[in-house]
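Participant:
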Amino acid sequence: MNAVTIDGPAASGKSSVGYEAARRLDFLFFDTGILYRAVTWAVLQQGISVADSEAVGQVAEQTSIDITAPTRDHRDGRQVTVAIGDNDITWAVRTPHVDQNVSIVAANRLVRQALGEQQRSIGLRHGSGAGGKSGIVMVGRDIGTIVLPEAPLKIYLDAPVDERARRRQQELAARGKETDIARVLADMQQRDEVDSERAIAPLRPADDAHQIQTLGLSIPQVVDKIIALAQTHLEVGPATPLDQTAPRGGGAAPH
Ligand code: DC
113 MNAVTIDGPA
123 ASGKSSVGYE
133 AARRLDFLFF
143 DTGILYRAVT
153 WAVLQQGISV
163 ADSEAVGQVA
173 EQTSIDITAP
183 TRDHRDGRQV
193 TVAIGDNDIT
203 WAVRTPHVDQ
213 NVSIVAANRL
223 VRQALGEQQR
233 SIGLRHGSGA
243 GGKSGIVMVG
253 RDIGTIVLPE
263 APLKIYLDAP
273 VDERARRRQQ
283 ELAARGKETD
293 IARVLADMQQ
303 RDEVDSERAI
313 APLRPADDAH
323 QIQTLGLSIP
333 QVVDKIIALA
343 QTHLEVGPAT
353 PLDQTAPRGG
363 GAAPH
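As numbered in my numbering, residues 113 to 367 make up the sequence shown, in order.
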């Protein structure tokens, strides 16, 4: 099986690193946090309280989330397009309002059941090469521990919380949203706490995960470490060297 799982806390670099690693390995990239964000957006949009577990669970079961490759019209740095019905919610799922509510939704048992099954079947299909690409890079919180524990290469990315808050603030600023660093830090600490202490599928490294501290490392440096591990743990040929690759087409945000 050609599957790489990348777990870690918010803004540890998972999606920037995962996206680039997938591109170099020519694997499918799947950021599972998008699904929790999309359900949160739908819940807020419908005026449902995130504390209403049953109603939130129903939204997760009934909402069909479309994730597609960006078209030429979308040159705004997106990695994928996220839609529910006719609504393009690619950026709506990245607002502070969704940030503040998503970890409550992600701790909901019914939500995890509905989304976890979808993630596992996507991981198995693409990890076995049956989905068009020769493998998959899956990013989240519980991918190595719960969703795809049989993946041959598991990564856990981490960085100190103040560094992660700084990255998130920069990412918001790049999209024209000025925010107060103290507020970003407080939100992030609260989200980390809910994600790590929830009863179901809490954030933690798998026993056999390779842990990488990203403080002081650039995205290409972290990707290089993962590519080196992929060459010993997966069935892959030599990866595309960084300097021969096409431009990434915009700043993919760390999540
Ligand atoms: O990675 P992110 O910030 O986009 O994730 C959004 C939320 O979803 C975050 O609170 C953690 C949660 N999540 C999860 O519980 N399990 C996953 N596999 C992915 C994300």
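Virtual Cβ for every residue (Gly too), placed ideally from N, Cα, C.
Spatial neighbours of Pro261 within its chain, please: C-beta separation below 8 angstroms, excluding the five flanking residues on both sides.
Facilitator: Counting only Cβ-Cβ distances below 8 angstroms, and skipping sequence neighbours, we find Ala318.
Participant: Rounding to the nearest angstrom, what Cα-Cα distance links Asp270 and Leu329 in this structure?
Facilitator: Taking the straight line from one Cα to the other gives about 11 angstroms.
Participant: Pick from Thr326, Gln333 and His238: whose alpha carbon is nearest that of Ser124?
Facilitator: Measuring from the Cα of Ser124, the nearest candidate turns out to be Thr326.
Participant: Just how far apart, CA to CA, sit Ile255 and Gln230?
Facilitator: The straight-line gap from Cα to Cα measures roughly 12 angstroms.
Participant: Shortest alpha-carbon distance to Val194 belongs to which of Val214, Arg149 and Ser165?
Facilitator: The residue with the shortest Cα to Cα distance from Val194 is Arg149.
Participant: Quick one: what's got a C-beta closer than 6 angstroms to Pro121's C-beta in the same chain, skipping five residues either side?
Facilitator: Closer than 6 angstroms at Cβ, skipping near neighbours: Asp304.
Participant: Whether or not the region 213–223 and the region 125–138 are in contact is what I'm after, with contact meaning three or more pairs of Cβ atoms, one per stretch, closer than 8 angstroms; do they touch?
Facilitator: No, the region 125–138 is not in contact with the region 213–223.
Participant: Can you have a look at Gln191 and say buried or exposed, based on whether 16 or more other CB atoms are within 10 angstroms of its CB?
Facilitator: By the neighbour-count rule (16 or more Cβ atoms within 10 Å), Gln191 is buried.
Participant: For Lys126, name the three-state secondary structure that DSSP assigns.
Facilitator: Helix, per DSSP.
Participant: Does DSSP put Gly362 in a helix, a strand or coil?
Facilitator: Residue placement at Gly362 is flagged as unreliable, the pLDDT there being 35, under the threshold of 50; the coordinate-derived value follows with that caveat. Gly362: coil per DSSP, three-state reduction.
Participant: Is any heavy atom in ligand 1 found nearer than 7 angstroms to the beta carbon of Ile196?
Facilitator: Because no heavy atom of ligand 1 lies under 7 angstroms away, the Cβ of Ile196 does not count as near it: no.
Participant: Our contact map puts Asp307 next to Pro314 with C-beta atoms below 8 angstroms; I'd like the distance itself, whole angstroms only.
Facilitator: Indeed they touch by this definition, with Cβ atoms about 7 angstroms apart.
Participant: Does the distance from the CB of Lys266 to the CB of Thr144 come in under 8 angstroms?
Facilitator: No, these two residues do not count as a Cβ contact at 8 angstroms.
Participant: Alpha carbon to alpha carbon, what distance is there between Val129 and Val334?
Facilitator: Taking the straight line joining both Cα atoms gives about 7 angstroms.
Participant: Output needed for Gly235: all residues of its chain with C-beta closer than 7 angstroms, excluding positions within five of it in sequence on either side, in chain order.
Facilitator: The answer, listed in chain order, is Ala115, Ile248, Met250, Val259 and Leu260.
Participant: May I ask you to check if the CB of Arg149 is nearer than 7 angstroms to at least one heavy atom of ligand 1?
Facilitator: Flag set: Cβ of Arg149 near ligand 1.
Participant: Would you call the CB atoms of Ile216 and Ile196 closer than 8 angstroms?
Facilitator: No. Outside cutoff.
Participant: Check whether the Cβ of Arg190 lies closer than 7 angstroms to any heavy atom of ligand 1, and answer yes or no.
Facilitator: The answer is no for Arg190.
Participant: Quick one: using the 10 Å Cβ neighbour count with 16 as the cut-off for buried, is Arg279 buried or exposed?
Facilitator: So Arg279 ends up on the buried side.
Participant: Alpha carbons only, please: which of Gln302, Ala286, Ala277 and Gln301 is nearest the one belonging to Ala292?
Facilitator: According to the sequence displayed, residue 292 carries Asp and not Ala. Out of Gln302, Ala286, Ala277 and Gln301, Ala277 has the C-alpha closest to the C-alpha of Asp292.
Participant: Throw me the rounded Cβ distance for the Val205 and Thr175 pair, which I believe falls under 8 angstroms.
Facilitator: Contact flag wrong, Cβ pair sits at about 12 angstroms.
Participant: Can you look up Ile179 in the DSSP assignment and give me helix, strand or coil?
Facilitator: Residue state, collapsed to three classes: strand.
Participant: Taking the CB atoms as reference points, tell me whether Val168 and Val162 lie closer together than 8 angstroms.
Facilitator: The answer is yes: Cβ separation under 8 angstroms.
Participant: Does any heavy atom of ligand 1 sit closer than 7 angstroms to the C-beta of Ile255?
Facilitator: Yes - ligand 1 has a heavy atom lying nearer than 7 angstroms to the Cβ of Ile255.
Participant: Kindly indicate the opening and closing residues of the beta strand (DSSP E) around Asp270.
Facilitator: That run of the beta strand (DSSP E) goes Leu265 to Asp270.
Participant: Under three-state DSSP, which class holds His322?
Facilitator: In the structure shown, His322 sits in a strand (DSSP, three-state: E or B).
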